[in-house]
Amino acid sequence: MSRAVLSLGSNLGDRLAMLRLAVTGFGASVQAVSPVYETAPWGVLDQPDFLNAVLIVEDADVDAWGWLRRGQALESEAGRVREIRWGPRTLDVDVVTVDGVRSEDPELLLPHPGTADRASVLVPWHDLEPAAVLPGRGPITALLTKLDTSGVRRVEAGLPGASEVL
Ligand SMILES: Nc1ncnc2c1ncn2[C@@H]1O[C@H](COP(=O)(O)OP(=O)(O)OP(=O)(O)O)[C@@H](O)[C@H]1O
Ligand SMILES: Nc1nc2c(c(=O)[nH]1)N=C(CO)CN2
C-alpha cells in the first residue's frame, strides 16, 4: 500500500479544467481533494497566477515512481509542452511526499525539496491534514507560520470529491 501527497498546479488555459483532469485521472486512488486556491507565482514572477490544490492518493499497486509516472502522463494529457524552469504550464503534478519513502534521485526527490517554502502547497495540504509532518522539516503548521500566505486566495470553484469524504 502506498500513500502519497500530490500537488497540482496550472496557470495556462482553462486552469480549473486542468486540475479536474488530474483528479479524474487519479480516479479511484484519490482519498481526499483540497479546496482550490489562486496563488501568486513564485520562482518566475512574471507569469499568470496559478490555481493550486493538493490530493491525497492511496493505491496498493502504485509505488513512488508510479505516482511520478502517473502524474507525468496526466501532464502530457493536459498538453504540457514548456520546459522553462518554474515557468507557466497547463498542468504540473508534483509528488510532495510518499509515506515512508526518502529519495535523492534527481528524477524523484522525496520529500519534494520545494515544499517547505511553498504556501501554494502547504495551505491546501493543511486543509486536508492539519497535523501533517513534512519529513525532515517538521509540522506543516510550524512551516506555515514562517511563510507569507497573503498571495494564496481560496476560490469558490471546487474539484470532484472535494466536499466528500472519500
Ligand atoms: N518529487 C517530485 N515530483 C515531481 N517531479 C520530480 C520530483 N522530484 C524530481 N522531479 C523531477 O523534476 C523534473 C522537472 O520537473 P518540473 O519541470 O515539474 O519542475 P518545476 O515544476 O519547474 O520545478 P519544481 O520541481 O521546483 O517544482 C522532472 O523530470 C521530475 O523527474
Ligand atoms: N504560485 C505558484 N507558483 C508557481 C507554481 C505553482 O504551482 N504555484 N509552479 C511553478 C512551477 O514549478 C512555478 N511557480
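So our numbering is basically just the index in the sequence shown, starting at one, shifted up by 18. Think of the CB as a built atom: it goes at the ideal place given N, C-alpha and C, for glycine as much as any other residue.
1. Rounded to whole angstroms, what's the CA-CA distance from residue 103 to residue 46? Just pull it up for me.
2. Is residue 133 closer than 9 Å to residue 107 when the C-beta atoms are compared?
3. Counting pairs of beta carbons, one from the segment 109-121 and one from the segment 22-33, are three or more of them closer than 8 Å?
4. Please identify the residue among 39, 36 and 105 whose C-alpha is closest to the C-alpha of residue 64.
5. Tell me which same chain residues have a C-beta within less than 7 Å of the C-beta of residue 58, skipping the five on either side of it?
6. Could you tell me which of 81, 91 and 147 sits nearest to residue 120, measuring between CA atoms?
7. Could you tell me which residues DSSP puts in a beta bridge with residue 76?
In short:
1. 31 Å
2. no
3. yes
4. 105
5. 67 and 169
6. 81
7. 21
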